[in-house]
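Chains A and B, in that order, are what the protein sequence lines are.
Here the working numbering = 1-based position in the first sequence + 1.
Here the working numbering = 1-based position in the second sequence + 1.
In this text, a Cβ means the ideal position worked out from N, Cα and C, and glycines have one as well.
These numbers come from a predicted model, not from an experiment.
2 protein chains.
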Amino acid sequence: MPALKIQDDDLFERLTGLFQTLGYEGTSLAKIAQATGLEKASLYHRFPGGKEQMAVMVLERVKEAMTAQALAPLKASGDLASRIRAAGVNLAAFYQNARRSCLLDTLSLPGGGPAVREAAHQAYAAWQNAFAAIAQESGMEQGAAAQAAQKAIAAIEGGLVVSRVTGNPQAFLDAINQLPQLLLASPLES
Amino acid sequence: MPALKIQDDDLFERLTGLFQTLGYEGTSLAKIAQATGLEKASLYHRFPGGKEQMAVMVLERVKEAMTAQALAPLKASGDLASRIRAAGVNLAAFYQNARRSCLLDTLSLPGGGPAVREAAHQAYAAWQNAFAAIAQESGMEQGAAAQAAQKAIAAIEGGLVVSRVTGNPQAFLDAINQLPQLLLASPLES
DNA sequence: GTCTATACGACGATAGAC
DNA sequence: GTCTATCGTCGTATAGAC
Chain A
2 MPALKIQDDD
12 LFERLTGLFQ
22 TLGYEGTSLA
32 KIAQATGLEK
42 ASLYHRFPGG
52 KEQMAVMVLE
62 RVKEAMTAQA
72 LAPLKASGDL
82 ASRIRAAGVN
92 LAAFYQNARR
102 SCLLDTLSLP
112 GGGPAVREAA
122 HQAYAAWQNA
132 FAAIAQESGM
142 EQGAAAQAAQ
152 KAIAAIEGGL
162 VVSRVTGNPQ
172 AFLDAINQLP
182 QLLLASPLES
Chain B
2 MPALKIQDDD
12 LFERLTGLFQ
22 TLGYEGTSLA
32 KIAQATGLEK
42 ASLYHRFPGG
52 KEQMAVMVLE
62 RVKEAMTAQA
72 LAPLKASGDL
82 ASRIRAAGVN
92 LAAFYQNARR
102 SCLLDTLSLP
112 GGGPAVREAA
122 HQAYAAWQNA
132 FAAIAQESGM
142 EQGAAAQAAQ
152 KAIAAIEGGL
162 VVSRVTGNPQ
172 AFLDAINQLP
182 QLLLASPLES
């Protein structure tokens with residue numbers, strides 16, 4: 002057995018934090034080496050594709066963790082609003098109350114290359130599907146549910162950007178608290 | 002008279018486009034030189050503070066242009082909703098229908114240094130004030146107007162991020178079209 | 001699987017001629 | 001005000017020992 006100096010799970014968490022905080026171009030291999038305790042050559046052993054592969058794998062893994070964990074309450078039982086609020090709590094924890102940015106934001110500038118852009122697109126699609134499913138469950142038709150999901154994600158992304166600029170988490174927390182209204186068909190429309 | 006190879010106005014427009022598209026760390030001096038036709042040494046003559054000074058001046062200038070031009074319709078005469086829609090048209094033009102990102106987003110990651118962060122914060126504050134003023138004019142009290150302005154800016158920022166990720170301007174255009182509802186006190190509340 | 005050492009291009013920035 | 005030429009550093013990436 003090979004004696005990993007750092008487990009895959011820890012490694013991905015460190016990488017995720019770096020990409021969230023510094024973006025693709027701001028996350029240098031030197032900083033990754035410092036944050037993980039691995040030398041650059043060891044990182045290339047784990048990720049032969051270099052930094053771009055790291056970013057793609059982080060996006061794929063976050064996509065999985067998002068649907069399987071953070072957004073899992075959406076598929077649970079109970080009333081719809083409570084399930085959305087539970088997912089909101091998980092999202093606030095994932096973004097550490099806006100101290101961290103969203104990878105969809107920080108990894109979608111051209112620096113990351115096409116593979117990174119594509120992985121970001123896939124992660125967004127999975128997130129939108131999860132939001133659209135509960136919107137549809139609340140009574141919206143498919144198209145309206147997709148649009149509501151997009152608007153809800155945009156509210157979170159915008160809240161994160163504004164919170165980053167102002168240094169105040171309020172804008173992000175407002176977006177989280179607004180999720181039930183954004184995703185549930187109002188009784189008046191049903 | 003010194004024979005400027007490129008006028009200040011043109012220079013700032015090129016710089017703005019680069020920072021919007023590539024972010025702070027993605028905008029290298031080599032790319033700036035190529036986009037402006039100036040050599041790197043000439044850029045340092047115009048901006049002794051280097052890239053950081055360029056980013057700060059772009060943010061200050063965009064802050065001015067935003068309030069004096071793009072958001073000018075908000076201070077004009079006519080009904081409130083029409084003035085907001087006119088400002089929305091200008092914003093859509095400035096962001097080229099989401100083909101360009103917002104500097105508040107692309108320049109607010111740590112790479113830019115404290116001076117850039119501070120300039121971004123100032124630009125945000127000016128924008129929020131312009132939005133809050135018309136919200137207040139529509140009948141909101143000061144606190145509610147400030148919060149509505151923040152929510153409106155967040156909607157635009159989120160729309161730009163989502164549009165960048167999806168490659169589709171729809172999310173951004175939705176946010177623009179939503180501005181009247183976000184900024185005007187509903188008759189029911191007045 | 002991890003390391004030390006290194007290649008080499010791109011980066012921001014400067015010197016000095018015109 | 002602009003240029004050519006250059007500096008030193010940091011970037012990604014690789015070779016090869018253990």
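Select from the options the residue whose C-alpha is nearest the C-alpha of residue i.
| i | options | result |
| --- | --- | --- |
| L5 of chain A | A:L23, A:R47 and A:G24 | A:R47 |
| S187 of chain B | B:A121, B:L174, B:Q137 and B:Y45 | B:Q137 |
| L180 of chain A | A:R165, A:V163, A:Q151 and A:P170 | A:Q151 |
| G18 of chain B | B:N98, B:L104, B:A87 and B:S78 | B:L104 |
| S164 of chain A | A:R101, A:L108, A:A87 and A:G113 | A:R101 |
| I7 of chain A | A:F132, A:I33 and A:S29 | A:I33 |
| A134 of chain B | B:N91, B:T68, B:T107 and B:L161 | B:T68 |
| Q171 of chain B | B:R118, B:A99 and B:S139 | B:A99 |
| M55 of chain A | A:L92, A:Q143 and A:Q21 | A:Q21 |
| A94 of chain A | A:Y45, A:L161, A:G50 and A:M141 | A:L161 |
| G168 of chain A | B:Q143, B:F132, B:G140 and B:E119 | B:E119 |
Mind reading off the beta-carbon distance from residue i to residue j? Whole number of angstroms is fine, and I expect it under 8 Å.
| i | j | result |
| --- | --- | --- |
| L184 of chain A | A145 of chain A | At roughly 11 Å, the Cβ-Cβ gap does not stay under 8 Å, so L184 of chain A and A145 of chain A are not in contact. |
| G159 of chain A | A156 of chain B | 6 Å |
| R62 of chain A | T37 of chain A | The Cβ separation is near 15 Å, so there is no contact. |
| A127 of chain A | K64 of chain A | 5 Å |
| A147 of chain B | Q129 of chain B | 7 Å |
| F173 of chain B | Y125 of chain B | At roughly 18 Å, the Cβ-Cβ gap does not stay under 8 Å, so F173 of chain B and Y125 of chain B are not in contact. |
| N91 of chain B | P111 of chain B | So it is not a contact: roughly 31 Å between Cβ atoms. |
| L72 of chain A | L108 of chain A | That belief does not hold up - the Cβ atoms of L72 of chain A and L108 of chain A are roughly 19 Å apart, past 8 Å. |
By a C-beta neighbour count over all protein chains shown, 10 Å radius and 16 as the cutoff for buried, is residue i buried or exposed?
| i | result |
| --- | --- |
| D9 of chain A | exposed |
| M2 of chain A | For M2 of chain A, the predicted model reports a pLDDT of 49, less than 50, meaning its position is unreliable; a value from the coordinates is still stated below. Exposed. |
| L39 of chain A | buried |
| A31 of chain B | exposed |
| N178 of chain B | exposed |
| G89 of chain A | buried |
| Q182 of chain B | exposed |
| S83 of chain B | exposed |
| G24 of chain A | buried |
| A121 of chain B | buried |
| K52 of chain A | buried |
| L12 of chain A | buried |
| D80 of chain B | exposed |
Confirm the yes/no value for this check: CB of residue i, any heavy atom of the ligand SAM, distance under 7 Å.
| i | result |
| --- | --- |
| M141 of chain B | As presented, the structure is devoid of all ligands, the ligand SAM included, so that no description of it is given. |
query = Quick one: complete alpha helix (DSSP H) runs, 4+ long, within the region 25 to 50 of chain B?
reply = 30 to 37 and 41 to 47
task = Only counting runs of 3 or more residues, tell me where the beta strand (DSSP E) segments fall wholly within the region 66 to 119 of chain B, in order along the chain.
result = none
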